[in-house]
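The structure appears below as structure tokens.
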Amino acid sequence: MEKSCYHCGEDVPENTNYRVTILKESRGMCCPGCESVAQTIVDSGLSSYYQYRTEKAERVDLVPEQLQSLIHYDNEQVQSEFVRNDENTSEVTLSLDGVSCAACAWLIEKKMNAHKGVVRIHVNTATHRALLSWDKTQTKLSELLSAIHKLGYKAAPFEADKQEETYYRAMKQYLYKLGIAGLATMQVMMLAVALYLEVFGNLEPEFKHYFRVVSLIFATPVLLYSALPFYMNAWRSLKARTLGMDVPVSIALIFAYFASLIATFTQSGEVFFESISMFTFFLLLGRFLEMRARRKAAAASANLLKLVPAMATLEDGNQVPVKTLSIGDRVRVLAGEHVPADGYVLDKAVFVDESMLTGESLHVKKSTGETVYAGTINGEQTFTLEVACRKQESMIANIVRLQDEAQATKPKIAEIADIVARYFVAAILIISACTYFYWQQNQPEDAFWIMLAVLVATCPCALSLATPTAITCSTSRMGDLGILLRKSHAIETLCKINHVIVDKTGTLTEGKVSLSSVTTFGQWQESQVLAIASALEAHANHPIAVAFRPHIDDSITAEAVENHIGSGLTGTVNNLDCKIGSYTFACDSTIANTPHTVYLSINDELAATFTYSDPIRESSQGFIQSLKDLGIRTTLLTGDNELNAAPVAKQLGIDELKAGVSPEGKLNYFNGLPKKDVSLMIGDGINDAPTLAGAHLSVAMGGGTDVAKSSADMVLLGDKLDKLIEARTLALKTRKIIRENLAWSLGYNLLILPLAVCGLVAPYIAVVGMSASSIIVVTNSLRLLNKHGKSIHSDSHSNRTGRRSGGRISMGS
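In structure tokens, the structure reads:
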């Protein structure tokens with residue numbers, strides 16, 4: 001029996017048997033606390049803590065700080081603030097510290113995708129975030145965070161405020177390192193002038209040696225402290241058996257320092273202390289400016305979360321943190337305040353500024369029972385809000401998540417650039433070695449500095465930044481237009497579109513269907529048929545179904561309801577067999593339907609007809625005309641009958657009409673299109689979901705169904721279809737900037753490489769050129785964030801994108 005506790009080292013009391021198997025051996029513990037903590041460490045896969053600790057844990061702090069914070073993230077209440085759960089799969093957005101280039105992202109993705117329980121992980125080097133999905137039945141979040149830590153990177157759930165603190169802390173550290181490198185560079189350069197130009201006349205050997213020693217003293221803290229970020233990144237890469245951007249830089253600095261050190265003490269050969277200091281200074285300056293530029297690109301989505309206030313005022317006047325609000329809580333929103341949570345207006349009609357969602361500055365009227373969103377701004381009247389969902393399920397949280405998904409997944413051109421960059425580093429190392437051996441044979445006194453110039457000048461940092469920064473900036477601008485990208489190929493495909501297919505109801509029309517007349521047959525009264533029809537339509541989410549909701553009678557319910565998508569619904573109401581939908585469906589007849597009419601049959605006999613109206617969106621006319629001006633073909637593809645669809649197609653000037661098409665028929669239509677057609681599908685209903693998933697590119701209306709939005713590549717938050725024209729213009733500009741970035745980065749490397757190999761590039765020119773190329777690429781991408789003018793078409797209306805469904809609001813996933 002052990003006398004001391006294996007965890008904390010204190011004496012083990014007699015007649016106790018607290019034990020944990022650690023490192024394949026049963027270890028004695030002094031108390032239940034140590035036993036519990038030690039078992040948690042083992043269960044979290046962190047047993048290596050016991051291998052590498054230098055002393056026993058203290059009883060007051062039984063788990064090391066790092067492990068405490070990681071295990072803390074496994075708590076369900078803690079996870080509820082940032083983890084999104086779906087059956088057995090969980091998803092979280094992580095902030096990453098230490099990611100500097102595409103090689104870092106590749107390393108994390110490669111190692112973590114091979115980890116047990118990980119479904120997928122995507123790393124965005126521009127925003128320093130990762131989107132991680134895992135199977136919670138196979139692994140814990142603390143294990144995955146620990147695995148990332150072991151790779152040399154710090155990871156924690158993304159929180160806008162904490163990431164901002166991390167950013168400013170990193171910038172402060174960079175400034176310290178930059179300041180030391182800058183001061184040392186000035187001092188060493190003065191001494192270098194004295195050494196190389198001999199401005200003081202013929203220097204005595206002892207003075208030359210003295211100047212070299214002083215240069216050594218100034219250069220040493222630069223090498224050991226200022227250049228530390230390059231060594232850490234290089235070590236991570238080498239440990240993972242890959243080659244990152246900082247490998248050649250680190251080799252150049254270390255080689256130059258030790259060669260100079262030997263030359264100083266042997267008093268023979270050249271020293272490169274000024275090159276070391278200058279290398280580090282310019283590299284840090286370039287990284288510093290690059291971090292600031294990338295921060296600007298990444299800040300847009302993070303700033304959205306800051307629109308949600310930290311505190312909310314309950315109906316009784318008490319203030320509580322927003323993150324503690326539960327579904328059903330009632331909150332008082334004062335005039336001019338940001339709305340704290342997604343929910344429903346309870347007491348009066350109000351006007352709300354939704355520009356952060358839709359990009360439209362005009363206030364939107366919200367009547368009693370309508371949805372308002374967290375982060376939007378209340379107008380001039382205080383109102384009461386009923387909370388509909390938690391903070392992490394809010395519209396604004398979903399917007400940030402969708403943007404992160406779009407930015408994290410890489411288009412093909414970015415993947416190719418990353419692969420080229422990795423192989424390019426290996427080629428640089430080989431070319432540098434060959435260059436050294438060549439010049440050593442022909443001009444040995446210059447061989448070393450020429451090799452250094454090759455190592456530094458050709459580092460492909462700009463190449464790895466060319467696409468991610470442009471995609472990040474473009475995604476941010478799309479968000480300003482009220483468009484969310486869900487798939488990485490959206491920008492690339494949007495440039496190639498030559499055929500646009502649109503749904504009718506809720507897309508070209510407003511989708512705000514209202515009943516204009518009711519006709520009854522037989523013994524049925526209007527109130528009866530409305531109640532029966534509303535009970536059936538309560539099980540549907542189509543815009544026509546919404547028109548029946550004001551007539552719902554809580555005393556009448558429908559049972560065994562089946563939704564025959566594209567046709568109608570069947571069900572039993574008070575033991576009566578009911579059908580509602582088209583005349584063909586409801587009455588088993590081949591007689592043609594009447595325009596804008598829904599039929600209800602009871603026990604196979606026609607009981608009522610409902611006539612409805614659905615006005616065309618004001619932006620539809622301009623949208624279709626803009627497509628015509630661009631030479632893009634248009635098709636109206638709808639499940640509605642031709643009588644309803646033909647007037648809309650004619651009024652808008654649509655090229656082709658396909659009416660009365662089932663969901664399967666819509667998909668078959670797409671499959672039958674010519675190969676030259678690159679199609680864009682716009683829809684909003686459940687019946688559009690298969691087509692949205694099967695089109696080259698698809699857009700779901702923000703007010704549409706969750707199924708449609710989860711199937712689409714893009715989501716249009718407002719009702720302004722002409723925003724898609726602006727999005728296409730932005731996509732074309734993004735493609736142009738990506739091509740410019742790639743041309744610049746590849747052109748620079750192809751130009752500088754032969755010059756450096758020939759000895760025509762001095763080391764300080766090499767480091768300036770390499771840093772400048774990265775800054776040019778990032779700055780060029782930032783042009784996408786510029787906002788020029790107003791929208792193509794101005795409109796006084798803004799879409800109300802929410803709806804009440806099951807007590808919560810969802811964007812789809």
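Per the UniProt record's numbering, the very first residue in the sequence shown carries number 1; after that it's consecutive. Using N, Cα and C, we set each Cβ at its ideal position, and we do this for glycine too.
Task: For residue 255 and residue 701, the rounded distance between their alpha carbons - done: Stepping through the sequence shown from its first residue, residue 701 is reached at position 701. Stepping through the sequence shown from its first residue, residue 255 is reached at position 255. Going from the Cα of residue 701 to the Cα of residue 255 covers about 59 Å.
Open item on the list: According to DSSP, simplified to helix, strand and coil, what is residue 791?
Closed with: Mapped onto the sequence shown, residue 791 falls at position 791. For residue 791, the predicted structure reports a pLDDT of 36, less than 50, and the residue's modelled location is therefore unreliable. A value from the coordinates is still provided. Note: residue 791 maps to coil in three-state DSSP.
Open item on the list: DSSP three-state label for residue 86, please.
Closed with: Your numbering for residue 86 matches position 86 in the sequence shown. Strand.
Task: Range covered by the beta strand (DSSP E) that runs through residue 157 - done: As a position in the sequence shown, residue 157 is number 157, starting the count at 1. Note, residue 157: beta strand (DSSP E), 154-157.
Open item on the list: Only counting the same chain, and skipping five residues up and downstream in sequence, which positions put a Cβ closer than 6 Å to that of residue 91?
Closed with: On the sequence shown, residue 91 is found 91 positions in, with the first residue counted as 1. So the qualifying residues of the chain are 84 and 133.
TODO: If I'm right that residue 659 touches residue 640 with Cβ under 8 Å, what's the distance once you round it to whole angstroms?
DONE: If you number the sequence shown from 1, residue 659 lands on position 659. If you number the sequence shown from 1, residue 640 lands on position 640. Going by Cβ atoms, the distance from residue 659 to residue 640 rounds to 6 Å, so yes, they are a contact pair.
TODO: Return the Cβ separation of residue 581 and residue 568 in integer angstroms, given the expectation that the two are a contact with Cβ distance under 8 Å.
DONE: Working through the sequence shown from its first residue, we reach residue 581 at position 581. Working through the sequence shown from its first residue, we reach residue 568 at position 568. Confirmed, about 2 Å.
- [ ] Quick one: residues in its chain with C-beta nearer than 7 Å to the C-beta of residue 348, no 5 flanking neighbours on either side, listed in chain order?
- [x] One-based indexing of the sequence shown puts residue 348 at position 348. Answer for residue 348: 368, 381 and 383, listed in chain order.
Open item on the list: Mapping the DSSP letters down to three states, classify residue 599 as helix, strand or coil.
Closed with: Start at 1 with the first residue of the sequence shown, and residue 599 comes out as number 599. In the structure shown, residue 599 sits in a strand (DSSP, three-state: E or B).
Open item on the list: Can you list, in chain order, the residues of its chain with a C-beta nearer than 7 Å to that of residue 363? Leave out the 5 residues immediately preceding and following it.
Closed with: Counting from 1 along the sequence shown, the entry for residue 363 is found at position 363. So the list reads 351, 352, 353 and 379, once near-sequence residues are dropped.
Open item on the list: Suppose you measure from the CA of residue 3 to the CA of residue 23; what does that come to, to the nearest Å?
Closed with: Sequence index remark: in the sequence shown, residue 3 carries index 3 (1-based). Sequence index remark: in the sequence shown, residue 23 carries index 23 (1-based). Taking the straight line joining both Cα atoms gives about 19 Å.
Task: Every unbroken alpha helix (DSSP H) inside the segment 512-574 [4 residues or more] - done: 526-537 and 543-546
Task: Residue from 620, 528, 613 and 542 with nearest C-alpha to residue 578 - done: As a position in the sequence shown, residue 578 is number 578, starting the count at 1. Taking only the C-alpha atoms, the option nearest residue 578 is 528.
Task: Counterpart residues of residue 122 in DSSP-defined beta bridges - done: Here residue 122 is taken as the residue at index 122 of the sequence shown, counted from 1. Per DSSP, 131.
- [ ] Starting from residue 338, follow its DSSP beta bridges and name the residues at the other end.
- [x] By one-based count along the sequence shown, residue 338 stands at place 338. BP columns for residue 338 point to 377.
Open item on the list: If distances are taken between C-alpha atoms only, which option among 82, 744, 289 and 583 comes closest to residue 391?
Closed with: The residue labelled residue 391 in the question sits at position 391 within the sequence shown. Considering only alpha carbons, the answer is 82.
Open item on the list: With H, G and I counted as helix, E and B as strand and the rest as coil, what does DSSP make of residue 460?
Closed with: The residue you call residue 460 lines up with position 460 of the sequence shown. Here residue 460 sits in coil by DSSP.
- [ ] Mind checking who residue 386 pairs with in its DSSP beta bridge?
- [x] Here residue 386 is taken as the residue at index 386 of the sequence shown, counted from 1. Bridge partners of residue 386: 330 and 344.
Task: Nearest to residue 180 (by Cα), restricted to the options 187, 147, 209 and 222 - done: Working through the sequence shown from its first residue, we reach residue 180 at position 180. Here the closest residue by C-alpha is 222.
Open item on the list: Please return the same chain residues whose Cβ sits closer than 8 Å to the Cβ of residue 673, not counting the five positions on each side in sequence.
Closed with: Within the sequence shown, residue 673 is the residue found at index 673, counting from 1. The answer, listed in chain order, is 499 and 679.
- [ ] Within the same chain, show all residues whose beta-carbon is closer than 6 Å to that of residue 794, passing over the 5 residues directly before and after it, in chain order.
- [x] As a first step, residue 794 is located in the sequence shown; it is residue number 794 there, counting from the start. Any reading at residue 794 needs caution, since the residue's pLDDT is 35, under 50, leaving its predicted position unreliable; the model's value is listed next. Hits under 6 Å: none found.
- [ ] Can you have a look at residue 504 and say buried or exposed, based on whether 16 or more other CB atoms are within 10 angstroms of its CB?
- [x] Taking the sequence shown and counting its residues from 1, one reaches residue 504 at position 504. Classification for residue 504: buried.
Task: Secondary structure of residue 169, DSSP reduced to three states - done: Along the sequence shown, read from residue 1 onward, the residue named residue 169 stands at position 169. Looking at residue 169 - three-state DSSP - the assignment turns out to be helix.
- [ ] Output the distance between the C-alpha atoms of residue 174 and residue 225, rounded to the nearest integer angstrom.
- [x] Position 174 of the sequence shown, counted from the first residue, corresponds to residue 174. Position 225 of the sequence shown, counted from the first residue, corresponds to residue 225. Between residue 174 and residue 225, the C-alpha separation is close to 11 Å.
Task: Straight-line gap, residue 484 to residue 171 (C-alpha atoms, nearest Å) - done: Locating residue 484 in the sequence shown gives position 484, where the first residue counts as 1. Locating residue 171 in the sequence shown gives position 171, where the first residue counts as 1. Their backbone Cα atoms lie some 30 Å apart in a straight line.
Open item on the list: Please tell me whether, using a cut-off of 6 Å, the distance from the CB of residue 776 to the nearest non-hydrogen atom of the ligand MG is below it.
Closed with: No copy of the ligand MG appears in this structure; indeed no ligand is present at all.
TODO: Decide yes or no for the touch test of the segment 598-605 against the segment 619-637: beta carbon pairs closer than 8 Å, at least 3 of them.
DONE: no
Task: Where the beta strand (DSSP E) containing residue 321 begins and where it ends - done: The residue you call residue 321 lines up with position 321 of the sequence shown. That run of the beta strand (DSSP E) goes 319-321.
- [ ] Identify which residue in 772, 769 and 740 has its Cα closest to the Cα of residue 784.
- [x] Mapped onto the sequence shown, residue 784 falls at position 784. Selected option, being the one with the closest Cα: 740.
Open item on the list: If you reduce the DSSP assignment to three classes, tell me which class residue 654 lands in.
Closed with: Position 654 of the sequence shown, counting from 1, holds the residue named residue 654. It is coil, neither helix nor strand.
TODO: Determine the burial state of residue 426: buried for a count of at least 16 other Cβ atoms within 10 Å of its Cβ, exposed for fewer.
DONE: Residue numbering aside, residue 426 sits at position 426 when the sequence shown is read from its first letter. By the neighbour-count rule (16 or more Cβ atoms within 10 Å), residue 426 is not buried but exposed.
Open item on the list: Could you pull the DSSP bridge partners for residue 682 from this structure?
Closed with: As a position in the sequence shown, residue 682 is number 682, starting the count at 1. DSSP lists 502 and 699 as partners of residue 682.
- [ ] Give the secondary structure of residue 34 by DSSP, where H, G and I count as helix, E and B as strand, and everything else as coil.
- [x] Position 34 of the sequence shown, counted from the start, is the residue given in the question as residue 34. Of the three classes helix, strand and coil, the one that applies to residue 34 here is helix, per DSSP.
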